[in-house]
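Worksheet: one structure, shown below.
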Amino acid sequence: MKRSSRISRSARLAGNRRYALFVAVVTLALTSASVATADDGPGPFGVTTVTEVNKQSVRVGALFGSAHATSLAGGHHCTASVVHSAGHNLIVSAAHCLDGDPGDVFVPGYRDGKAPYGVWKVVQRYLPDGWNQGQAEDSDIGFATVAEVDGKNIEDVVGADRFATGMATGATAVTITGYPSATDQPINCTNKPTQHSATQQRIDCPGFTGGTSGSPWVNGDQQVVGVIGGHEQGGLTPDISYSVVLGKEAAELYKDATSDPE
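In terms of this note's numbering, the sequence shown has 274 at position 129, counting the first letter as 1, and numbering is strictly consecutive.
Here you go:
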């Protein structure tokens with residue numbers, strides 16, 4: 146359960162050791178044959194680097210529990226991102242990230258203990274029946290609304306990606322951005338997903354340790370077509386990540402989240 150928001154102390158230590166190897170892995174990858182171009186676009190593919198601050202990356206942020214809501218440094222447990230909704234107040238993550246602390250806050254563009262775009266309190270959570278009734282790995286997707294900050298909605302501050310269901314796995318490359326719990330900077334990697342099963346997809350990207358659950362899989366059309374979670378709650382190693390294939394259940398959940406008048 147590498148990316149659960151409720152990992153044990155030993156798992157956290159293991160995650161920290163993995164992240165200590167992360168810099169070496171990235172350095173080696175960037176100087177290897179992996180910088181070659183891919184057949185459907187520019188490389189490098191399968192290389193993980195520290196994320197640059199840009200219009201796209203600030204839509205992704207870290208989730209903090211109530212104990213760290215006012216003192217952010219080092220307290221994040223999962224990743225989430227802003228997706229478009231009529232209310233301009235919706236984030237998406239893994240169900241196992243949202244099924245916990247009622248005092249969670251979301252910090253888009255979080256970096257080095259700072260919240261340049263504000264701290265947004267999670268208000269309402271939307272989890273699939275399959276998760277609520279038995280934590281089914283094929284239902285590890287969830288949404289949440291966040292409260293206004295200074296009279297503004299989050300989508301109006303940082304923008305949003307579109308949530309897309311029914312997309313063919315691996316049709317295009319995706320970029321994954323997430324927050325390892327052992328660092329206060331986001332990382333990202335681009336690669337092509339492959340099918341793990343009829344209901345699960347996987348991607349090979351190094352360095353995605355504990356804390357990266359909920360990281361969005363964003364294609365070139367700025368559509369979220371997956372989030373880290375699902376099989377093994379996202380994966381048992383830092384180099385292979387999973388996501389639920391976003392199908393009918395995810396589409397219905399998104400509809401509920403965007404039509405609820407709260």
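The beta-carbon is built from N, C-alpha and C at its ideal position, and this holds for glycine as well. Note that the structure is a prediction, hence the values are computed from the model and not measured.
Any idea what DSSP makes of Gln-345, helix, strand or coil?
Along the sequence shown, one-based indexing puts residue 345 at 200. Strand.
Taking the beta carbon of Ser-238 as the centre, do at least 16 other beta carbons fall within 10 Å, making it buried, or is it exposed?
Looking up residue 238 in the sequence shown gives position 93. Counting other Cβ atoms within 10 Å of its Cβ, Ser-238 reaches 16 or more and is therefore classed as buried.
Among Ala-225, Thr-320, Ser-404 and Ala-212, the one whose alpha carbon lies nearest that of Gly-365:
Here residue 365 refers to the residue found at position 220 of the sequence shown. Checking every option, the nearest Cα to that of Gly-365 belongs to Thr-320.
For Ser-388, three-class secondary structure by DSSP
By 1-based counting over the sequence shown, the position of residue 388 is 243. Here Ser-388 sits in strand by DSSP.
Between which two residues does the beta strand (DSSP E) harbouring Ala-212 extend?
Residue numbering aside, residue 212 sits at position 67 when the sequence shown is read from its first letter. Where Ala-212 is concerned, there is no enclosing beta strand (DSSP E), given that its DSSP letter is neither H nor E.
Specify the secondary structure class of Lys-337 as computed by DSSP and reduced to three states.
On the sequence shown, residue 337 is found 192 positions in, with the first residue counted as 1. Of the three classes helix, strand and coil, the one that applies to Lys-337 here is coil, per DSSP.
Assumed close pair Ala-108, Ile-286 - CB separation to whole angstroms, cut-off 8 angstroms
What the structure shows of the chain is the stretch from 146 to 407, and residue 108 is not part of that stretch, so it cannot be assessed.
Straight-line Cα distance separating Val-267 from Ser-211
What you label residue 211 is simply residue 66 of the sequence shown in a count that begins at 1. What you label residue 267 is simply residue 122 of the sequence shown in a count that begins at 1. Approximately 10 angstroms, taken between the alpha carbons.
Can you grab the Cα-Cα spacing for the pair Gly-248 / Ala-214, in whole Å?
The residue given as residue 248 occupies position 103 in the sequence shown. The residue given as residue 214 occupies position 69 in the sequence shown. Each residue's alpha carbon lies about 8 angstroms from the other.
Do the CB positions of Thr-344 and Val-372 come within less than 8 angstroms of each other?
As a working mapping, residue 344 is identified with position 199 in the sequence shown. As a working mapping, residue 372 is identified with position 227 in the sequence shown. Cβ distance not < 8 angstroms, so Thr-344 and Val-372 don't count as in contact.
If you follow the beta strand (DSSP E) that Thr-322 is part of, which residue opens it and which one closes it?
The sequence position of residue 322 within the sequence shown is 177, counting from 1. Start and end: 319–323.
Taking the beta strand (DSSP E) that Ser-404 falls in, what are its first and last residues?
The count along the sequence shown starts at 1 and reaches residue 404 at position 259. Not the beta strand (DSSP E): Ser-404 falls in the alpha helix (DSSP H), residues 393–404.
Given Val-195, which residues of its chain have a CB within under 7 angstroms of its CB, disregarding the five upstream and five downstream residues?
Position 50 of the sequence shown holds residue 195. The answer, listed in chain order, is Gln-330 and Ile-332.
DSSP three-state label for Ile-332, please.
Here residue 332 refers to the residue found at position 187 of the sequence shown. Of the three classes helix, strand and coil, the one that applies to Ile-332 here is strand, per DSSP.
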